[in-house]
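Colleague: Once you've had a glance at the structure underneath, I'll fire off some questions.
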Amino acid sequence: MARLLGTLRSSQPVARFQRSCGLFPAAEEGCCSGDPAEGPRDRGACNGAGALRCPAGAGRAPRGGVRSGRGPQGCTQKYIVKNYFYYYLFKFSAALGEEIFYITFLPFTYWNIDHSVSRRMIIVWSIVMYIGQVSKDILKWPRPLSPPVVKLEMRTNAEYGMPSTHAMAATAISFSFFIATMNQYKYPFELGLIAAFVFSTLVCLSRLYTGMHTVLDVIGGALISAVLLVLLYPAWDTIDHLLLTSPFCPLFSIVVPLVLCYNYPKLDYYSPTRGDTTTILGAAAGATVGFWLNNQYAASAYTGKNVQAGPPLITSTMVFVLARFFVGILVVLLTRWVMKSAVLGMLGYRYKFPVGDLEARRRLEVEVPYKFVTYSSVGFTATVIVPLLHELLGLM
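Printed below as a string of structure tokens:
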């Protein structure tokens with residue numbers, strides 16, 4: 001068993017998967033060597049826990065579709081794509097675990113499909129992601145090494161690897177959506193199960209293809225998410241009821257995430273995990289306050305349809321669906337831009353740093369309030385302001 005786990009934790013299976021999908025390094029010799037299964041290494045090796053260091057002139061690329069990705073400290077890694085179907089499939093699948101997906105799919109569900117489904121997905125997503133992000137910085141398992149692995153993403157390379165939060169989020173969102181809708185809408189059970197499985201599998205495989213995680217990271221992330229879903233499912237209705245009716249919900253929704261963000265595990269170097277966690281908890285906090293406020297004061301204006309006889313979109317024309325989505329996304333993105341600028345400006349004035357100072361923005365006293373206020377405003381806007389705007393424009 002120990003040998004199997006060591007193999008799954010190593011870089012070689014990831015490299016073999018990449019080669020089988022037509023992704024090759026432009027030059028085999030490079031800057032880093034070793035394997036995660038061999039034990040801990042110093043921070044700064046190409047293991048996802050520090051900077052990627054490569055010598056100048058890594059070698060001439062052989063024939064093929066040569067591309068490059070820029071890493072930390074100006075390092076450029078070149079790679080060859082021999083199968084563009086897999087390249088674009090897994091690049092797209094990887095985006096399904098990024099902010100661009102969360103900020104579009106979750107609000108779309110709330111505006112166009114079902115409020116109860118959206119509430120459950122957001123709560124499960126925030127809990128799963130917090131546990132996953134904290135686990136990374138507690139376990140401190142390195143990411144796959146390059147070489148032999150080709151790394152297509154570099155921002156998340158500054159984070160540790162275990163568990164894969166992409167795998168956790170994909171499993172949580174796809175299966176919570178399936179579980180929440182299977183008894184409310186008439187569609188084949190097998191079709192919903194297959195769709196959830198395919199979605200989560202594509203995202204999991206994309207983490208191998210992009211070189212961001214070992215096989216064990218991905219399996220661990222999916223399994224942790226599945227266990228959390230099983231544990232949370234019996235309490236779904238109770239949690240949902242409390243979020244909608246408890247007078248303490250707004251206070252709880254703001255204070256608890258803020259305490260968790262300010263007490264996030266400390267590292268000896270900067271990692272984007274704390275900022276990403278604050279973004280997620282902030283968005284969930286703002287949305288939760290919005291859920292409560294809608295239930296208390298605006299239920300008649302914008303309520304979810306909890307039970308329908310057919311597919312979710314059968315009651316709305318596609319024109320109205322698209323109109324609600326694009327109007328809503330425009331307002332959400334505008335809110336994010338305005339709040340980001342305003343909060344950074346105020347924090348810059350308070351702590352005496354220019355807005356463009358990246359190092360200052362990474363400080364705890366700046367990063368947490370800046371991201372939490374910005375994204376809690378986004379969550380609140382998506383659940384309160386946008387629905388009211390939809391009603392005003394006659395898009396209900």
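Just so we're aligned: 344 in the working numbering is position 344 of the sequence shown, and the numbers increase by one with no gaps anywhere. Glycine included, every Cβ here is placed at the ideal spot set by N, Cα and C.
1. Distance, Cα to Cα, Q296 vs T383?
2. Could you tell me the alpha carbon to alpha carbon distance between A283 and F291, rounded to whole angstroms?
3. Which parts of the stretch 310-387 are runs of the alpha helix (DSSP H), unbroken and 4 residues or longer, counting only runs that do not cross its ends?
4. Looking at the structure shown, is V256 part of a helix, part of a strand, or coil, going by DSSP?
5. For W337, count neighbouring C-beta atoms within 10 Å of its own C-beta (all shown protein chains included) and say buried if the count is 16 or more, exposed if not.
6. By Cβ distance, which residues of its chain are closer than 6 Å to A285, with the 5 residues on each side in sequence left out?
7. By Cβ distance below 7 Å, which residues in the same chain neighbour L244 in space, the five residues on each side in sequence not counted?
8. So the candidates are F380, A94, G221, Y351; which of them puts its Cα closest to the Cα of L152?
9. Which runs of the beta strand (DSSP E) at least 3 residues long sit entirely within the stretch 135-205? Give them in chain order.
10. Which stretch, first to last residue, makes up the alpha helix (DSSP H) that contains L5?
11. Below 6 Å CB to CB, which residues in the same chain sit around G74 once its five sequence neighbours on both sides are set aside?
12. So does the stretch 189-203 actually touch the stretch 119-130, counting three or more Cβ pairs closer than 8 Å?
13. Would you tell me roughly how many angstroms separate the C-alpha atoms of P234 and F175, rounded to the nearest one?
14. Am I right that T214 and S341 are in contact with their C-beta atoms under 8 Å? What's the rounded C-beta distance?
15. Could you give the first and the last residue of the continuous alpha helix (DSSP H) run that contains T277?
16. What is the DSSP secondary structure of L392, counted as helix, strand or coil?
17. Report the residue from Y351, L23, T317 whose alpha carbon sits nearest the alpha carbon of F90.
18. Which same chain residues end up closer than 6 Å to A172 when comparing Cβ atoms and leaving out the 5 residues on each side of it in sequence?
19. Where does Y269 fall in DSSP's three states?
20. Beta carbon of T238, beta carbon of E367: below 9 Å?
21. Below 9 Å between beta carbons: does that hold for V373 and P107?
22. With C-beta atoms as the reference, is I179 less than 9 Å away from L229?
23. Just the C-alpha distance for P25 and T181, rounded to the nearest angstrom, thanks.
24. Counting C-beta neighbours from all protein chains within 10 Å, is the total for G39 16 or more, i.e. buried, or is it exposed?
25. Distance check for K352 and Q18, CA to CA, integer angstroms please.
26. DSSP three-state label for E98, please.
27. Within 10 Å of its beta-carbon, does S20 have 16 or more other beta-carbons around it, so buried, or fewer, so exposed?
28. Are there 16 or more other CB atoms within 10 angstroms of the CB of I100, so buried, or fewer, so exposed?
29. Mind the definition here: the stretch 137-151 touches the stretch 104-122 only if three or more C-beta pairs lie below 8 Å; say whether that holds.
30. By the three-class DSSP mapping on this structure, what secondary structure does G211 have?
31. In whole angstroms, what separates the C-alpha of L347 from that of Y370?
32. For D237, does the three-state DSSP call read helix, strand or coil?
33. Are the C-beta atoms of T165 and some chain B residue less than 9 Å apart?
34. Is K136 buried or exposed, if buried means 16 or more other CB atoms sit within 10 Å of its CB?
35. Beta-carbon separation of P163 and G97 under 9 Å?
36. Rounding to the nearest angstrom, what Cα-Cα distance links M1 and V321 in this structure?
Modeller: So, to answer that:
1. CA-CA distance, Q296 to T383, rounds to 13 Å.
2. About 12 Å.
3. Segments of the alpha helix (DSSP H) lying fully in the stretch 310-387: 318-351, 358-361, 364-380.
4. In the displayed model, V256 falls within a helix according to three-state DSSP.
5. A residue is called buried when at least 16 other Cβ atoms come within 10 angstroms of its Cβ; W337 does not meet this threshold and is exposed.
6. For A285, same chain residues with a beta-carbon under 6 Å away, outside a window of 5 residues either side, are S253, I254, P257, S376 in chain order.
7. Correct list, in chain order: F291, W292, N295.
8. Across the set F380, A94, G221, Y351, the C-alpha of A94 shows the shortest separation from the C-alpha of L152.
9. DSSP runs (the beta strand (DSSP E)) wholly in the stretch 135-205: none.
10. Boundaries of the alpha helix (DSSP H) harbouring L5: 2-9, taken from the DSSP string.
11. Low confidence applies to G74: its pLDDT is 41, below 50, so where it sits in the model is not reliable, and the reading given next is rough at best. The beta carbon of G74 sits closer than 6 Å to none of the beta carbons in its chain outside the five residues before and after it.
12. Taking 8 Å as the limit for Cβ pairs, the verdict is that the stretch 119-130 does not touch the stretch 189-203.
13. Between P234 and F175, the C-alpha separation is close to 15 Å.
14. The pair is not a contact, with the Cβ atoms about 39 Å apart (cut-off 8 Å).
15. Note, T277: alpha helix (DSSP H), 273-297.
16. When DSSP states are grouped into helix, strand and coil, L392 belongs to the helix group.
17. Of the candidates Y351, L23, T317, the one whose C-alpha sits nearest the C-alpha of F90 is L23.
18. A distance below 6 Å between beta-carbons, with the five flanking residues on each side excluded, links A172 to the following residues of its chain, in chain order: V124, W125, V128, S225.
19. Taken through DSSP and simplified to helix, strand or coil, Y269 comes out as coil.
20. For T238 and E367, no; Cβs fall outside 9 Å.
21. Not a contact, by the Cβ cut-off of 9 Å.
22. Yes, they are a contact pair.
23. If I take the Cα positions, the gap works out to 43 Å.
24. Bear in mind that the predicted position of G39 carries a pLDDT of just 39, short of 50, making it too unreliable to give a figure here.
25. Looking at the two C-alpha atoms, the distance is approximately 47 Å.
26. The answer is coil: DSSP assigns E98 none of H, G, I, E or B.
27. Exposed, by the Cβ-count rule.
28. With fewer than 16 Cβ atoms within 10 Å of its Cβ, I100 is classed as exposed.
29. Output reads no: the stretch 104-122 does not touch the stretch 137-151.
30. G211: coil per DSSP, three-state reduction.
31. So the alpha carbons of these two residues sit roughly 8 Å apart.
32. Residue state, collapsed to three classes: helix.
33. In summary, chain B is missing from the structure at hand, where a single protein chain is found.
34. Burial is judged here by how many other beta carbons sit within 10 angstroms of a residue's own beta carbon; K136 has at least 16 and is buried.
35. Not a contact, by the Cβ cut-off of 9 Å.
36. Cα to Cα, the separation comes out at about 51 Å.
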